[in-house]
Structures are given as C-alpha cells and as structure tokens.
C-alpha cells in the first residue's frame with residue numbers, strides 16, 4: 001500500500017507542478033479488498049503531515065476493479081481545470097480513459 005499510494009501521490013504532484021504547500025486536503029478511497037493499512041498513512045510517511053487527510057471505503061460493487069486506491073486532492077492552483085492532470089496508474093487507467101493521463 002505504502003509504495004503504490006506514494007507513487008500515485010507523487011505522480012499527481014509532479015504532473016500538476018504542485019508542492020505539498022499547494023495541498024488543502026486529500027480524500028482517499030480504497031476498494032473493500034484493501035484492508036492492511038490506511039492510504040493516508042503512506043501520505044504521512046512522504047512528509048505530508050500538516051494537510052487534512054481522510055480515508056473511506058469504496059462501495060462493494062460486484063464486478064468492480066479490485067485493489068484500487070483513489071485520491072481526490074483539493075489544491076491551490078492557477079491552472080485552469082482543463083489543464084489539470086488526472087492521474088490513473090497501472091490497470092486503473094482503464095477506469096477513466098477519457099481523462100487518464
């Protein structure tokens with residue numbers, strides 16, 4: 001969990017030219033099959049200690065992709081919404097082919 005969430009969070013920051021100072025809050029969700037750790041714990045280990053973080057569980061929908069962590073970051077940015085990079089790593093890129101970068 002720590003490695004994958006760290007990679008996702010790092011990719012979101014890098015692809016959008018953000019630093020941790022730009023973060024207002026982050027909401028993490030995980031599929032029900034992921035229960036070994038909190039995704040937010042990985043963010044804390046990356047040094048994100050003064051940003052509110054919350055974790056929630058995705059709905060347990062039959063046929064949904066397993067082993068997925070999502071994050072929704074509220075940020076300070078001058079970028080227009082059309083230029084925000086939405087990051088989907090690995091197999092999760094298939095979830096939103098329309099916006100995955």
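Numbering (this note's numbering), first residue to last: 1 to 101. Every residue, glycine too, gets a C-beta built ideally from N, C-alpha and C.
For this session: Following the continuous alpha helix (DSSP H) through residue 49, name the residue where it begins and the one where it ends.
Result: Premise fails: residue 49 is in no alpha helix (DSSP H) and is neither H nor E.
Problem set entry | Alpha-carbon to alpha-carbon, residue 1 and residue 36 | 8 Å
Exercise. If you draw a straight line from the C-alpha of residue 10 to the C-alpha of residue 67, how long is it?
Worked result: 19 Å
Exercise. Excluding sequence positions up to five away, which residues of its chain have a Cβ less than 6 Å from the Cβ of residue 54?
Worked result: Correct list, in chain order: 27.
Exercise. How about residue 12 and residue 73: do their beta carbons lie closer than 8 Å?
Worked result: yes
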